[in-house]
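Colleague: In the numbering used here, the protein residues as written are 66 to 476.
Shown next, in the form of structure tokens:
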């Protein structure tokens, strides 16, 4: 896969981009916490600045990514992110710390234009048989920074301060932009029949998703998994305190264990990507995740919780790699930006809803009940894939049936 110039370049660009994002996020988090004396309102605004752009600009950014040339879009998105961080630093030096939240919002918004463009380049320049491995590699990269990102971001802030953290972030974003410029010039893609004004193309993208059974199914699966993830994410600290009887600092070891298992799972997928169908990969990942989620909620022993977290983390890349591969394979190149821009906000929206009601459900029922509900939702998401798997098998059998007479007749 690394012999492919586009894969090599985009992965290297994403390494710098992810590193810059983690350094920025933790620098902002720690600085605002310190400056406001851990004011929960301002600390929560950091998450708002990071996640709200996904809702506001996911579909919009995806639509523009389909209208614009992908390489150029990625270059300018990363470059403008670097400039926005530089501008925030100048304002911050004058004592206006609220600029950090605004800068984070702007930078996160620009990412909604860059990510769909990267997917378009993969769609155009990566052979179908390598696509699943590339998606697995991308998810493994996310897992790496899930483990290392908080450590690196915290270390740089504590050692060098907010100014150095922001300067390094701007340099990494700029480096990402420069790396993408080494790709060959964009080629124009044939326009679809619905091309025209922005609103017209946005509506065409939504109609395209609605008319494509595979994409509709993935959207529903994403919704169920997003809601399930949101239900358990805010409650991890209660697992540590209530179920395991440990102090809250113990949570970091569980998170690192889960992240390390994700690395191993991602590496395995890269190796078996050509041999396993993405819909089967996704189904396996969801089923193991559902079982482990319910087990983690019920476990009261440290060793069992760790074992379940390892299994869950190992199969998590199966879910992400399967979904991303199915999205790219089942989407025409002209619509890839709008499809990814529409479906990702669905996942995030359902996750936020789950986070919003998780505390209420825990107080009303119990911690175990919430984790069981989360596991059931994941199983529901897996069951939604069954028609997709059956349809694929039916098409294969039909193709084989029609291939037979053609071969015999030619003989």
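Every residue, glycine too, gets a C-beta built ideally from N, C-alpha and C.
On the premise that residue 175 lies in contact with residue 145, defined as a C-beta separation below 8 Å, what is that separation, rounded to the nearest angstrom?
Modeller: 6 Å
Colleague: Tell me whether residue 370 sits in a helix, a strand or coil according to DSSP, three-state version.
Modeller: In the three-state DSSP reduction, residue 370 falls in the helix class (H, G or I).
Colleague: Taking 8 Å as the threshold, find out whether the region 288-295 comes into contact with the region 334-350 through three or more Cβ pairs.
Modeller: No, because fewer than three Cβ pairs between the region 288-295 and the region 334-350 fall closer than 8 Å, the two stretches do not touch.
Colleague: Would residue 230 and residue 238 be called neighbours here (beta carbons separated by less than 8 Å)?
Modeller: It is not a contact, given that the beta carbons lie outside the stated cut-off.
Colleague: To which residues of the same chain is residue 91 closer than 7 Å at the C-beta, ignoring the five residues directly before and after it?
Modeller: 215, 218, 219, 222
Colleague: What do you get for residue 249, buried or exposed, if any count of 16 or more other CB atoms within 10 angstroms of its CB means buried?
Modeller: exposed
Colleague: Sorted by chain position, which residues of the same chain lie with C-beta nearer than 6 Å to residue 114's C-beta, five sequence neighbours on each side aside?
Modeller: 166, 169, 170
Colleague: Hey, residue 329 and residue 379 are a contact pair by Cβ (cut 8 Å); roughly how many whole angstroms apart?
Modeller: Rounded to the nearest angstrom, the Cβ distance from residue 329 to residue 379 is 6 Å, consistent with a contact under 8 Å.
Colleague: Where residue 156 and residue 162 are concerned, what is the direct C-alpha to C-alpha distance, given to the nearest angstrom?
Modeller: 8 Å
Colleague: Quick one: grab the DSSP three-state call for residue 228.
Modeller: helix
Colleague: Is residue 131 helix, strand or coil when you go by DSSP?
Modeller: helix
Colleague: Could you tell me how far apart the beta carbons of residue 204 and residue 402 are, in whole angstroms, since I believe they sit closer than 8 Å?
Modeller: Going by Cβ atoms, the distance from residue 204 to residue 402 rounds to 19 Å, so no, they are not a contact pair.
Colleague: Looking at the structure shown, is residue 75 part of a helix, part of a strand, or coil, going by DSSP?
Modeller: helix
Colleague: Whole angstroms is fine: what's the gap from residue 120's alpha carbon to residue 367's?
Modeller: 37 Å
Colleague: Would residue 80 and residue 143 qualify as a contact pair, given that the criterion is a beta-carbon distance under 8 Å?
Modeller: With respect to residue 143, residue 80 sits apart: the two C-beta atoms are not nearer than 8 Å.
Colleague: CB-CB under 6 Å to residue 227, same chain, minus the five flanking residues each way: which ones, in chain order?
Modeller: Once the five neighbours on either side are set aside, the close Cβ partners of residue 227 are 92, 96.
Colleague: Looking at the structure shown, is residue 67 part of a helix, part of a strand, or coil, going by DSSP?
Modeller: Coil, per DSSP.
Colleague: Could you check the C-alpha separation between residue 190 and residue 75 for me, to the nearest Å?
Modeller: Between the C-alpha atoms of residue 190 and residue 75 there is a straight-line separation of about 12 Å.
Colleague: When the Cα of residue 446 is compared with those of 288, 118, 264, 325, which residue comes out closest?
Modeller: Ranking the options by Cα distance to residue 446, first place goes to 288.
Colleague: What does a CB cutoff of less than 8 Å around residue 450 pick up in its chain, not counting 5 residues either side in sequence?
Modeller: 282, 286, 344, 347, 348, 351
Colleague: On the DSSP letters alone, give me the boundaries of the alpha helix (DSSP H) that residue 428 sits inside.
Modeller: Per DSSP, residue 428 belongs to the alpha helix (DSSP H) from 401-429.
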